[in-house]
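Q: Just dropping this structure here.
Protein chains in written order, with the working numbering: chain B, 86 to 199; chain L, 265 to 376.
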């Protein structure tokens, strides 16, 4: 089956710890994205990558870091510098060119930091 | 100018009724307007999308109406069903980038 997998589904961490969220896709998409979802605020873009070894900051990149060493993988690290890390994190992918604009989303990871 | 404003925040409709969700934007460079449906604990999934060169697009019970001059677009769900109960997000994309700008979401509840 083609799609996007995110693991784990639920993640709990103590304040002050860095944590890495996994995102893998087998859709052969060039572009990948990380969003944060909070109640009543929609989806906000954290980072995106249009090609391997390159990524760009989104609207709320502070306190987060990413890497794109492989086309199919785009892990997100939530660092201790992120002031309010508890949220639902969504990974997405899309074609980087052509006429298809659709973004496909993974099932999400709910991170709770106490 | 990058914002997409969505209303209402929540909506309750009787089974068989029409659900209407509205979005407005400012950035005239937006050239693709999708609607996503999200069930609790799941990722959003594309429902229907429209380009600004058409005023309406219909797929089954779902219709997007697009008013380019008013910079508004809306989702109509005809014959709403309890299974349609979900959160709906509008979004917009500018031609210069692949990122989507999302509205704040509408939680739809369809009563049986």
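Every residue gets a Cβ at the ideal spot worked out from N, C-alpha and C, and that includes glycine.
Of the choices L/271, L/373, L/294, L/300, whose alpha-carbon is the least far from that of residue 333 of chain L?
A: Comparing Cα-Cα distances from residue 333 of chain L to each of L/271, L/373, L/294, L/300, the minimum goes to L/294.
Q: Going by C-alpha distance, which of L/275, L/287, L/277, L/296 is nearest residue 363 of chain L?
A: Ranking the options by Cα distance to residue 363 of chain L, first place goes to L/296.
Q: Note down, one range per segment and in chain order, each alpha helix (DSSP H) of at least 4 residues found wholly within the segment 304-337 of chain L.
A: Counting only runs of 4 or more, we get nothing.
Q: Run the CB neighbour count on residue 121 of chain B, radius 10 Å, all protein chains shown included, and call it buried at 16 or more, exposed below.
A: Result: buried.
Q: Output, in sequence order along the chain, the residues in the segment 357-374 of chain L whose CB is closer than 7 Å to any CB in chain B.
A: Listed by position along the chain: 357, 362, 363, 364, 366, 367, 368, 369.
Q: My output table needs one value for residue 298 of chain L: the three-state DSSP class, helix, strand or coil.
A: Looking at residue 298 of chain L - three-state DSSP - the assignment turns out to be strand.
Q: Locate the beta strand (DSSP E) running through residue 92 of chain B, then write down its first and last residues.
A: Counting along the chain, the beta strand (DSSP E) containing residue 92 of chain B begins and ends at 89-92.
Q: Check this for me: beta carbons of residue 126 of chain B and residue 148 of chain B, under 8 Å apart or not?
A: Against a cut-off of 8 Å, the Cβ pair of residue 148 of chain B and residue 126 of chain B comes out as no contact.
Q: What span of residues does the beta strand (DSSP E) with residue 284 of chain L cover, start to end?
A: Element bounds for residue 284 of chain L: 283-289.
Q: Pull up the distance between the alpha-carbon of residue 313 of chain L and that of residue 164 of chain B, whole angstroms please.
A: Between residue 313 of chain L and residue 164 of chain B, the C-alpha separation is close to 35 Å.
Q: Excluding sequence positions up to five away, which residues of its chain have a Cβ less than 8 Å from the Cβ of residue 146 of chain B?
A: Answer for residue 146 of chain B: 131, 132, listed in chain order.
Q: Return yes when the Cβ of residue 91 of chain B is within less than 8 Å of the Cβ of residue 170 of chain B, no when it is not.
A: The answer is no: Cβ separation not under 8 Å.
Q: Taking 8 Å as the threshold (beta carbon to beta carbon), is residue 192 of chain B in contact with chain L?
A: Closer than 8 Å: yes.
Q: Any C-beta of chain B within less than 8 Å: which residues of the segment 317-341 of chain L qualify?
A: From the segment 317-341 of chain L, no residue has a Cβ closer than 8 Å to chain B.
Q: Under a three-way DSSP split, which group does residue 348 of chain L fall into?
A: Reduced to three states, the DSSP call for residue 348 of chain L is helix.
Q: On the three-state DSSP scale, how would you describe residue 145 of chain B?
A: Coil at residue 145 of chain B, not helix or strand.
Q: What's the gap between the Cα of residue 140 of chain B and the Cα of residue 134 of chain B?
A: Roughly 4 Å separates the two Cα atoms.
Q: Give the interface partners of residue 275 of chain L over in chain B, defined as CB-CB distance under 9 Å, in chain order.
A: Here the premise fails: no neighbours, minimum Cβ distance about 14 Å.
Q: In chain L, what lies closer than 7 Å to residue 126 of chain B by C-beta?
A: Within chain L, the residues near residue 126 of chain B are 368.
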